[in-house]
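To keep things clear, I will list the structure first and then write my remarks on it.
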Amino acid sequence: MACRTQYHCLYPPKKNRKSKPPYNWHLYKKRHLIENMFAKLKDWRRVATRYDRCAHTFMSAIHIAACFIFYLKE
């Protein structure tokens, strides 16, 4: 399966590298935003430890935490 799929480099190359492989700057920026959102969600204890038993209750906790993070813009 890995042979059929085509992978793209998401991280920018080092500045001192002689032959720099191409990378998509926009994908890198979107990936960085998503990683930051997960890092902020992990600050919420209820979401990080997953106290909820049901999946729909856990998803509602994630939605509430995401709304707080979005509106407060810590």
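Here my numbering is used: the first residue of the sequence shown is 269, the next is one more, and so on.
Idealized CB from N, CA, C, for every residue including glycine.
Hey, how far is the Cα of residue i from the Cα of residue j?
i: Lys298; j: Ile337; result: 17 Å
i: Lys310; j: Arg285; result: 35 Å
i: Glu303; j: Tyr291; result: 18 Å
i: Leu301; j: Ala307; result: 10 Å
i: Tyr319; j: Met327; result: 12 Å
Please state whether DSSP places residue i in a helix, a strand or coil.
i: Cys335; result: helix
i: Tyr296; result: helix
i: Lys308; result: helix
If we call anything under 7 Å between Cβ atoms a contact, is residue i one with residue j?
i: Arg313; j: Ala329; result: no
Between which two residues does the alpha helix (DSSP H) containing residue i stretch?
i: Arg313; result: Arg313 to Thr317
Relative to the C-alpha of residue i, which residue among the options is closest?
i: Cys335; options: Ala323, Tyr319 and Met305; result: Met305
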